[in-house]
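Worksheet: one structure, shown below.
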Amino acid sequence: MKIVKIDSNLIDELRTANISTNMKSLESCEWIVLEKNEEGIEGAAGMGGVFHVSGIQIAEKFRGKGIGKKIQNELINECIRRGYSFITVFNDPRNKTSVQLHDSLGYKKLFRIHYAKNIVNDVKGIAFDKKGRLFIQLLRFFNTKTGTILLAIALKMLHSVFPALIIYNEDGLPKPDIKWIIKNFEKI
Ligand SMILES: CC(C)(COP(=O)(O)OP(=O)(O)OC[C@H]1O[C@@H](n2cnc3c(N)ncnc32)[C@H](O)[C@@H]1OP(=O)(O)O)[C@@H](O)C(=O)NCCC(=O)NCCS
454 MKIVKIDSNL IDELRTANIS TNMKSLESCE WIVLEKNEEG IEGAAGMGGV
504 FHVSGIQIAE KFRGKGIGKK IQNELINECI RRGYSFITVF NDPRNKTSVQ
554 LHDSLGYKKL FRIHYAKNIV NDVKGIAFDK KGRLFIQLLR FFNTKTGTIL
604 LAIALKMLHS VFPALIIYNE DGLPKPDIKW IIKNFEKI
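Heads up: the sequence shown is residues 454 to 641, going by my numbering.
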């Protein structure tokens, strides 16, 4: 397992291993925890963006063998070594393996957003110090109806820059649906 900065060679390697073909956001990370064997990359977990968002993808044939948990755990440890105050993740609650993986490593649910039809995410986080705990506490405001209304408006206004802030660069993301977000507010 190693920790590397993203560069064009690594992006090519991730694409060859079918890692970032499925999850382009890893290419926007600042650094990545990489698990490799003689044949290539088995999986990668990355970190980036102003909200310190983590992402992870394991090549299909290596899933369910504990690799995801191992590299996500190393990513958390590296964040502590680098002095991060907090980290976050966007977790689709229907993705049971990802939910189990992140919850078992200490990510706490902060709020849920029904971004648009069929796009739902739980935002989770871990705080490492006082500043981080304060930030995480502030994010819990979005776990209220008022918070969700303000978030929906902010997303609509910022939708062209928001993906860059959260290192999201997947294809085909629809615009946020304000009415849908508010109508489907769910306290978690
Ligand atoms: C989600 C993902 C990263 C998990 O990696 P993985 O190497 O397959 O997971 P692991 O083998 O380390 O297992 C992690 C946990 O999930 C559990 N798990 C594994 N496969 C599972 C399955 N099919 N259903 C339910 N739980 C499962 C494991 O028991 C383990 O639980 P534990 O923490 O209690 O021990 C991987 O499946 C993946 O790349 N999925 C596609 C991309 C994705 O969804 N990324 C997440 C974006 S936030």
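Where is the CB? At the ideal position from N, CA and C, for every residue including glycine.
Since the model is a prediction, treat every value here as computed from it, not as a measurement.
Boundaries (first-last residue) of the beta strand (DSSP E) holding residue i
| i | result |
| --- | --- |
| I485 | W484 to N490 |
Beta-carbon contacts of residue i that lie in its chain and below 6 Å, excluding the five residues immediately before and after
| i | result |
| --- | --- |
| K562 | D575, K577 and I641 |
| P627 | A569 |
For residue i, the three-state DSSP class (helix, strand or coil)
| i | result |
| --- | --- |
| R516 | coil |
| I472 | coil |
| H612 | coil |
| T597 | coil |
| G521 | helix |
| I566 | strand |
| K458 | strand |
| L528 | helix |
| E623 | coil |
| K449 | A query on residue 449 cannot be resolved here, the shown segment of the chain reaching from 454 to 641 and no further. |
| R547 | coil |
| E535 | The sequence shown places Arg at residue 535, rather than the Glu named in the question. Correct three-state label for R535: coil. |
Endpoints, alpha helix (DSSP H) assigned at residue i
| i | result |
| --- | --- |
| D465 | S461 to T469 |
| K583 | K583 to L592 |
| K636 | I631 to K636 |
Beta-ladder partner(s) of residue i, from DSSP
| i | result |
| --- | --- |
| H505 | In the DSSP output, where bridge partners are listed per residue, H505 has none listed. |
| I685 | Given that the chain is displayed from residue 454 to residue 641, the structure contains no residue 685 and the question cannot be resolved. |
| K561 | G578 |
| Q510 | A497 |
| I572 | A569 |
| I540 | I579 |
Option nearest residue i by Cα separation, candidates the options
| i | options | result |
| --- | --- | --- |
| N544 | R535, N530, S538 and Q510 | Q510 |
| R534 | T601, I456 and G508 | I456 |
| T541 | A497, K458, R593 and R547 | R593 |
| T474 | E491, A497, K598 and W484 | A497 |
| L487 | M476, G499, I631 and F539 | G499 |
| I485 | I572, V506 and N637 | V506 |
| E483 | H567, I529, K458 and L528 | K458 |
| Q525 | H612, D624, L558 and F504 | L558 |
| N530 | Q553, I579 and K489 | I579 |
| F504 | I589, T601, L603 and I606 | I589 |
Beta-carbon proximity list for residue i, same chain, < 8 Å, skipping 5 on both sides
| i | result |
| --- | --- |
| P616 | N622 and L626 |
| T597 | K640 |
Own chain partners of residue i with C-beta closer than 7 Å, once the 5 adjacent residues on each side are dropped
| i | result |
| --- | --- |
| N471 | A512 |
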